[in-house]
Amino acid sequence: MNRHLRVSIDLKAIKNNFNTLRKRLPSHVKIIGVVKADAYGHGAMEVSRALEDSGIDMLATAYTDEAIALREAGIRTPIIVLFDEPDPRKFLRYDLRVVLHNRKTLDTLSRILKPSSPSLKIHIKIDTGMGRLGFSPDEVVTVIKRIRELKSINTEGIMSHFSEAELGNKESARTQIEIFKKVLSEIKEELAPPLCHMANSAASVSLPEAWFSAVRPGLMLYGYLPGRLQDSELKPAMKVTTEILSIREAPPGTPVSYGGTFITKRKSLIGIISAGYADGIMRSLSNNGYVLYMGKKTPVIGRVCMDLTMIDLTDILKEVDKPDKEVTLLGYQGDEAITAKDIASWAGTIPYEVITTFGGLGKKEFLKDD
Ligand SMILES: *Cc1c(COP(=O)(O)O)cnc(C)c1O
280 MNRHLRVSID
290 LKAIKNNFNT
300 LRKRLPSHVK
310 IIGVVKADAY
320 GHGAMEVSRA
330 LEDSGIDMLA
340 TAYTDEAIAL
350 REAGIRTPII
360 VLFDEPDPRK
370 FLRYDLRVVL
380 HNRKTLDTLS
390 RILKPSSPSL
400 KIHIKIDTGM
410 GRLGFSPDEV
420 VTVIKRIREL
430 KSINTEGIMS
440 HFSEAELGNK
450 ESARTQIEIF
460 KKVLSEIKEE
470 LAPPLCHMAN
480 SAASVSLPEA
490 WFSAVRPGLM
500 LYGYLPGRLQ
510 DSELKPAMKV
520 TTEILSIREA
530 PPGTPVSYGG
540 TFITKRKSLI
550 GIISAGYADG
560 IMRSLSNNGY
570 VLYMGKKTPV
580 IGRVCMDLTM
590 IDLTDILKEV
600 DKPDKEVTLL
610 GYQGDEAITA
620 KDIASWAGTI
630 PYEVITTFGG
640 LGKKEFLKDD
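Numbering of the sequence shown is given in the numbering used here, commencing with residue 280 and proceeding in unit increments.
Right, here's the structure in full:
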């Protein structure tokens, strides 16, 4: 791990984002906070604790081990495991919820669960158009009839997932909602009303028809919305900094970094910073991105290397003789900010990838309540 790379997580921002959503939703709508991928790189344990303190109803991880780690850290909130094949012993022991999304798992469960076993809580996943995991809408009734015969399975929820994170096309989202509603009406006879959930972050803030009895936001808890959606009340929680390793003067005509893709046009001051693509500065930011230095947006020049990146300080250092050490890769410095959405647009990716990448690489520190 690069000791110069610091990822600081503002847990107050995460609480703020949760409370912002809580205030906007009707009180009967529960919130399932998605903390998969180490809480989108923010540290699943600390984030889950902050959300639990704020009164979140349920948490969701991708895999079983992530959920067990949260239990072992003392998290008591109900946890749903979104993707993993369930090992019933573990799920019962740690009080986890299964997302049942295929017949093979149902066959396995009906073979191993005895009528006398304690009951395993499941959420049934319907594929309403995502084309990833889930039962097709026309097999749900048969599946539920089979589940009802199994005394040791308790259907706590029915869920689906939108095929577009940013819901750029509301029509396709509405089609998915209609399919989901049709399934819900078909199973009314078979099942006491379960928790119905479908909304990701985008739908949680912009599509009330998708709320049902619970929402399942991830990204917005960390302070961002996908695509063109914006919300000034959300506060990004992650800040990433590194340091200037060296500053050198270069005469006009000096090639900078691998391949000489940048050649100085004037007498320049070049800052070499101690982080590269191995630390989450995407290589596609070569000659194509910015960092913050001494409160100013500073361009990346030349190719990003594995552990180093070059920035052009010529306009910034002219007036000062005492250079700062700190370089901000993500977050605020003074009044200027670089957001995960800025980086995503420079790099041709999405904010989800920016925060999970940085979060997985740097040394983390947490800002808690004062
Ligand atoms: C990741 C995920 C979410 C959260 O999506 P965001 O766009 O981050 O809000 C919700 N549900 C499922 C099944 C997911 O995989």
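Every residue gets a Cβ at the ideal spot worked out from N, C-alpha and C, and that includes glycine. Computed from a predicted model, the values in this text were never measured in an experiment.
Just checking my contact of residue i with residue j at CB under 8 angstroms: how many whole Å lie between their CB atoms?
i      : j      : result
Val519 : Leu290 : Not really, about 16 angstroms apart at Cβ, beyond 8 angstroms.
Gly638 : Asp317 : 6 angstroms
Ile347 : Glu331 : Actually they are not in contact, since the Cβ atoms of Ile347 and Glu331 sit about 16 angstroms apart, beyond 8 angstroms.
Thr588 : Ser547 : The pair is not a contact, with the Cβ atoms about 15 angstroms apart (cut-off 8 angstroms).
Val313 : Ala339 : 5 angstroms
Ile311 : Val484 : Going by Cβ atoms, the distance from Ile311 to Val484 rounds to 15 angstroms, so no, they are not a contact pair.
Phe645 : Gly320 : The pair is not a contact, with the Cβ atoms about 13 angstroms apart (cut-off 8 angstroms).
Phe441 : Asn479 : 6 angstroms
Pro496 : Leu300 : 6 angstroms
Leu371 : Pro397 : 6 angstroms
Glu469 : Arg411 : Contact flag wrong, Cβ pair sits at about 25 angstroms.
Met499 : Asn295 : Between Asn295 and Met499 the Cβ distance is about 11 angstroms, and since that is not below 8 angstroms, they are no contact.
Ile617 : Gly610 : 7 angstroms
If you measure between the beta carbons of residue i and residue j, is that distance less than 8 angstroms?
i      : j      : result
Glu325 : Ile359 : no
Thr343 : Asp374 : no
Glu615 : Leu571 : yes
Pro505 : Ile629 : yes
Leu349 : Pro367 : no
Leu608 : Thr521 : yes
Ala481 : Leu508 : yes
Val633 : Ile622 : yes
Val443 : Ser451 : Residue 443 is actually Glu in this sequence, not Val. Yes, Cβ-Cβ distance for Glu443 and Ser451 is below 8 angstroms.
Glu465 : Val419 : yes
Asn298 : Asp586 : no
Arg425 : Leu379 : no
Lys461 : Pro416 : yes
Met337 : Pro357 : yes
Leu429 : Ser389 : yes
Ordered along the chain, which non-local residues of its own chain (more than five positions away) have a Cβ less than 8 angstroms from that of residue i?
i      : result
Glu435 : Arg376, Lys400, Ile401, His402, Pro473, Leu474
Cys584 : Ser536, Tyr537, Gly555, Tyr556
Arg562 : Tyr556, Arg582, Val583
Lys369 : Thr343, Ile347, Leu375
Leu286 : It is worth fixing the name first, because residue 286 is Val in this sequence and not Leu. The answer, listed in chain order, is Gly320, Met517, Lys518, Val519, Phe637, Gly638, Leu640, Gly641, Lys642, Lys643, Glu644.
Ile542 : Gly532, Thr533, Pro534, Val535
Glu445 : Ala481, Leu504, Pro505, Gly506, Arg507, Leu508
Going by DSSP, name the residue or residues bridged to residue i.
i      : result
Lys383 : Answer by DSSP bridge pairing: none, since Lys383 is not bridged.
Tyr342 : Answer is none; Tyr342 lacks a bridge partner.
Ala529 : Ser547
Ala616 : Tyr611
Lys291 : Answer is none; Lys291 lacks a bridge partner.
Tyr569 : Pro578
Asp591 : Ile549
Phe645 : Ile288
Leu361 : BP columns for Leu361 are empty, so no partner.
Leu500 : Paired residue(s): none; Leu500 is not in a bridge.
Gly312 : Leu338
Pro534 : Ile542
Met517 : Ile288
Ala493 : Lys309, His476
What residues in its chain sit with their C-beta under 6 angstroms from that of residue i, if we drop five residues either side in the sequence?
i      : result
Ala292 : Gly502, Lys514, Ala516
Ser414 : Sequence inspection shows Phe at residue 414; the Ser mentioned does not correspond to that position. Within the same chain, Phe414 has close Cβ partners Ile405, Val422.
Met573 : Ile595, Asp603
Ser439 : Ile405, Thr407, Phe459, Met477
Gly550 : Ile523, Ile526, Ile590, Leu592
Lys620 : Pro630
Lys315 : Thr340, Ala341
Ala329 : Leu290, Ile293, Lys294
Gln612 : Leu571, Gly574
Ile437 : Ile403, Pro473, Cys475
Met409 : His440, Ser442
Leu361 : Ala339, Ala341, Val378
Ser553 : His283, Thr521, Glu522, Leu524
Does the beta carbon of residue i come closer than 8 angstroms to any beta carbon on chain D?
i      : result
Met517 : In the structure shown, chain D cannot be found, because there is only a single protein chain.
Tell me which residues share the same chain as residue i and place their Cβ nearer than 7 angstroms to its Cβ, disregarding the 5 neighbours each side in the sequence.
i      : result
Trp625 : Leu564, Asn567, Gly568
Trp490 : Leu304, Val308, Ala478
Thr635 : Ala316, Tyr319, Gly320
Asp510 : Val484, Leu504
Lys647 : Leu290
Complete beta strand (DSSP E) runs within the stretch 411-481 (minimum length 3 residues, chain order)
Taken in chain order, the complete beta strand (DSSP E) segments of 3 residues or longer contained in the stretch 411-481 are 432-438, 474-478.
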